[in-house]
Amino acid sequence: MNASSRTQISAEDLRVWRGFIETTGVLNSRLASRMQSESSLSTGDYGVLLALREAPGRSLRSSELAASVGWERSRLSHQLGRMEKRGLLRRDPCPEDTRGSVVSLTEEGATAFRRGSVPHLRAVQELFLDALSPEQLAQVEALTDTLRGHLGLDESEGGSDLG
């Protein structure tokens with residue numbers, strides 16, 4: 002039975018849904034906890050640093066950064082303020098739009114990102130990749146692609162804090 006022929010949610014559907022949500026919640030929580038304890042970066046810090054590191058010139062307009070990490074502008078503004086105080090990034094006025102700003106990765110931010118990436122990738126390996134066979138990992142990819150297509154997401158969307 003495909004999704005379009007379902008008329009109501011079954012007990013089996015709900016069991017699968019709940020297992021998915023609870024498991025991804027625990028996985029995200031454990032990844033976040035390890036990141037904070039092993040690198041002193043929050044998942045929000047890491048997501049912003051990752052987006053800036055991958056951007057041309059290691060800079061993005063704040064509106065582009067908000068879209069890249071999948072956050073509302075107010076949440077991003079608060080996050081950027083905390084990170085700027087710690088020297089991880091800097092905000093400069095946007096030359097094309099006086100209402101906007103350009104957010105740039107600092108050397109201190111790049112160093113923090115590099116230091117945080119090693120333990121983060123180790124945690125991804127231990128908590129996620131080691132649990133799955135190559136075949137299961139391919140199934141996860143196929144399911145993720147299907148869900149992203151159904152939700153109308155392209156490759157740049159998603160807003161994952163854990164990169």
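The opening residue of the sequence shown carries number 2 in my numbering; numbering runs sequentially from there.
The C-beta atom is built at its ideal place from N, Cα and C for all residues, glycine as well.
In this text, all values refer to a predicted model and were calculated from it rather than measured experimentally.
Beta-carbon proximity check, residue i vs residue j, cutoff 7 Å
{"i": "A68", "j": "R74", "result": "no"}
{"i": "L106", "j": "R59", "result": "yes"}
{"i": "R62", "j": "C95", "result": "yes"}
{"i": "L51", "j": "G110", "result": "no"}
{"i": "E55", "j": "P120", "result": "no"}
{"i": "R1", "j": "S102", "result": "Residue 1 falls outside the range modelled here, since the chain spans only 2 to 164, and no answer is possible."}
{"i": "A139", "j": "L32", "result": "no"}
{"i": "G48", "j": "V70", "result": "yes"}
For residue i, the residue or residues it bridges with in DSSP
{"i": "S60", "result": "S105"}
Three-state secondary structure (DSSP) of residue i
{"i": "S11", "result": "coil"}
{"i": "D146", "result": "helix"}
{"i": "E73", "result": "coil"}
{"i": "G153", "result": "coil"}
### Query
Whole alpha helix (DSSP H) runs in the segment 17–52 with 4 or more residues, listed along the chain?
none
### Task
Give, in chain order, every unbroken run of the alpha helix (DSSP H) that is at least 4 residues long and sits entirely within the segment 86–139.
108–128
### Query
Are three or more beta carbon pairs between the segment 125–137 and the segment 27–40 nearer than 8 Å?
yes
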